[in-house]
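**Student:** In this note's numbering, the protein residues as written are 57 to 275.
Cβ atoms here follow ideal geometry from the backbone N, Cα and C, with glycine treated the same way.
Please see the structure below; I have some questions.
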């Protein structure tokens, strides 16, 4: 959203508000293990202040195709950072060494179990919710709806909205449907209610007015 608005010409007054929108960045150090990981969860959060890692993904629990072999493991150590800070600018070898040490420090596996690693940096992974962001997003939305109604926003960063992946894809599907059919589905209603989305069970009628994915059955 910030970059889109700042690249509109002539420059709209709302560009000043768009420039205040901030993002939290993110990097993953994927470590390949000589044996399977010792936990079955998809991911675990780390609350130990003695390490820098914030979350660890067990890729084998997502798919067997995400590990080198059936008898091997792959863990993704996730570090929350800001682009340009010490973590972000560390070279890959230093980050792989840090992640290997922290795995051992946490007792998940020994450093000798790690045989390779790769680093993936993801800028702007999380839109920051500060005290002013919602008011600024509202002004930008109003401007775009009034002046550029054929410009559609979708996704986490496009809407500066902390949606999960399924919600982000749903906003894009609704936008595509609006463009293709002329309908007026509101992508801003996706994941907009105060009730967590998993509280409504499959088959229950959703009366909140939000837009949610529906199960498709073969006809």
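#1: From the DSSP output, read off the bridge partner residues of residue 331.
#2: So what's residue 241 in DSSP terms, helix, strand or just coil?
#3: Whose C-beta lies closer than 8 angstroms to the C-beta of residue 128 among residues of the same chain, with five residues either side of it excluded?
#4: Bridge partners for residue 170 per DSSP, in chain order?
#5: Shortest alpha-carbon distance to residue 228 belongs to which of 210, 60, 155?
#6: When the distance is taken between beta carbons, is residue 181 closer than 8 angstroms to residue 109?
#7: Please tell me whether residue 219 and residue 212 are closer than 8 angstroms, where the distance is taken between their beta carbons.
#8: Checking the sheet assignment: what are the DSSP bridge partners for residue 114?
#9: Indicate whether the contact test is met: 3 or more Cβ pairs, each with one atom in the stretch 60-80 and one in the stretch 163-175, closer than 8 angstroms.
**Tutor:** Concretely, from the data shown:
#1: Lying before the first or after the last residue shown, residue 331 is absent from the chain, which here runs from 57 to 275.
#2: Residue 241 falls in the coil class under three-state DSSP.
#3: 88, 89, 90, 91, 92, listed in sequence order.
#4: Note: residue 170 sits in a beta bridge opposite 89.
#5: Taking only the C-alpha atoms, the option nearest residue 228 is 210.
#6: Result no, Cβ atoms of residue 109 and residue 181 do not sit closer than 8 angstroms.
#7: Yes.
#8: Residue pairing by DSSP puts residue 114 in a beta bridge opposite 131.
#9: Short answer: they don't touch.
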